[in-house]
C-alpha cells in the first residue's frame, strides 16, 4: 500500500486520516497486539510481532505525537514478544491500560483479591474441560484458551457459563475473544485506556487498529471522540474468526501484514 493508496472506506475515516496528516505531532496512533501486530498462534506464549512491525514503527514513531500499544497482555510481555525494548517514542499499556511501560520503566498496580481467588479455583473447575484447553495467567487477569482443543468453538461454548459463574462469584468480568474467555477486574477496557491517553496527550486526532471483540470498546471511544470534535480512524486487522470489527471499521486490512503496510504508508505520507 503506497501512501497515496492509504484511503479510508468511510467519510469519517477519511477525515481522520486528513487530520493526522495535517497535524501529525498532535496525533495518537494506537494498536492492539495479538492479531494486529502479532499473528494469532495456538500457544499465546509463542506469539511474536510480525517481523515488519518494529522497522515500521521505528519509522513512524518520530513523526507523530504518540504511538501506543494497548493490549490485554501484561505490558512487559508485550514489550518482550514485540521486540519493543529498543524502540523510542513508544508507549505500551498492558492489561487494558492498568499497566504502563514507557522509556524502559514499568508500572504495575496490585491485583484485586478476586484475581487470586480465580487463580486458585480455575484449574479445579476446568478439570473436566476438553483436552487442549489451557489457562494463561496474565497477573491481573486469567484467560481460558480453547484454540488447541479438537473443537475450539464447542469447547468455548461448553465453558462459557462455568467461567461466567466463577467471574460473578469473584467480582470479575468475562471478556470473550478469539477462542478465549478472559476473567479480569471490571473497569478495564481498551476504550477507557484510549480515551484517557487522548486526554493525557492532548491528541487532536486518533487512529486505532484492532482485530478482536476486546477492541470494540476502542472503536466506541473513537466514535465518541468524533462527536466531541476529535477526528478518528478505525482500522481492522481482519480474520475469518471475527467479523464484528470489519463491519464498523473505516479501513480493513489483511491481518498483521496489512497493518504493517498501513504503518509504512503512514510513515511515508508523513515523512
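Numbering (UniProt numbering), first residue to last: 1 to 271. Ideal Cβ positions, reconstructed from N, Cα and C, are used throughout, including at glycine.
{"Check": "Residue nearest to residue 27 in terms of C-alpha spacing, selected from 206, 133, 197, 184", "Outcome": "206"}
{"Check": "Where residue 1 falls: helix, strand or coil (DSSP)", "Outcome": "The predicted model places residue 1 with a pLDDT of 45, which falls under 50 and marks its position as unreliable; any figure quoted below should be read in that light. Coil at residue 1, not helix or strand."}
{"Check": "Bridge partner(s) assigned by DSSP for residue 176", "Outcome": "181"}
{"Check": "Distance between beta carbons of residue 13 and residue 251, contact taken as under 8 Å", "Outcome": "6 Å"}
{"Check": "Secondary structure of residue 100, DSSP reduced to three states", "Outcome": "strand"}
{"Check": "Residue range of the unbroken alpha helix (DSSP H) whose run includes residue 77", "Outcome": "75-82"}
{"Check": "Of the listed residues 101, 263, 271, nearest to residue 29 (C-alpha basis)", "Outcome": "263"}
{"Check": "Identified DSSP bridge partners for residue 136", "Outcome": "143"}
{"Check": "Spatial distance of residue 200 from residue 68 (CA atoms)", "Outcome": "13 Å"}
{"Check": "Per-residue DSSP class, three states only, for residue 95", "Outcome": "helix"}
{"Check": "Same chain only: Cβ atoms within 6 Å of residue 101, ignoring 5 sequence neighbours per side", "Outcome": "75, 79, 92"}
{"Check": "C-alpha distance - residue 59 paired with residue 270, whole-angstrom precision", "Outcome": "10 Å"}
{"Check": "Cβ-based burial, residue 95 [other Cβ within 10 Å; buried from 16]", "Outcome": "buried"}
{"Check": "Buried versus exposed, by CB contacts within 10 Å (16 or more), residue 243", "Outcome": "exposed"}
{"Check": "Given residue 8 as reference, the closest of 267, 253, 195 once Cα atoms are compared", "Outcome": "253"}
{"Check": "Inter-residue Cα distance where the pair is residue 209 and residue 178", "Outcome": "16 Å"}
{"Check": "C-alpha distance - residue 268 paired with residue 63, whole-angstrom precision", "Outcome": "10 Å"}
{"Check": "Short CB-CB distance (under 8 Å) between residue 149 and chain D", "Outcome": "Looking at the structure shown, chain D is missing, and only one protein chain is on hand."}
{"Check": "Nonlocal neighbours in the same chain, by C-beta distance under 6 Å from residue 24, ignoring five residues either side", "Outcome": "63, 64, 270"}
{"Check": "Rounded C-alpha distance that separates residue 212 from residue 19", "Outcome": "26 Å"}
{"Check": "N-terminal and C-terminal residue of the alpha helix (DSSP H) that residue 11 is part of", "Outcome": "11-22"}
{"Check": "Status (buried if at least 16 other CB within 10 Å, exposed otherwise) for residue 169", "Outcome": "exposed"}
{"Check": "Whole-number beta carbon distance between residue 71 and residue 32, since they are thought to touch under 8 Å", "Outcome": "6 Å"}
{"Check": "The stretch 191-200 in contact with the stretch 150-161 per 3-pair CB rule at 8 Å", "Outcome": "no"}
{"Check": "Contact set for residue 35: own chain, Cβ-Cβ below 7 Å, skip 5 residues either direction", "Outcome": "178, 211, 212, 237, 239"}
{"Check": "Three-state secondary structure assigned by DSSP to residue 68", "Outcome": "strand"}
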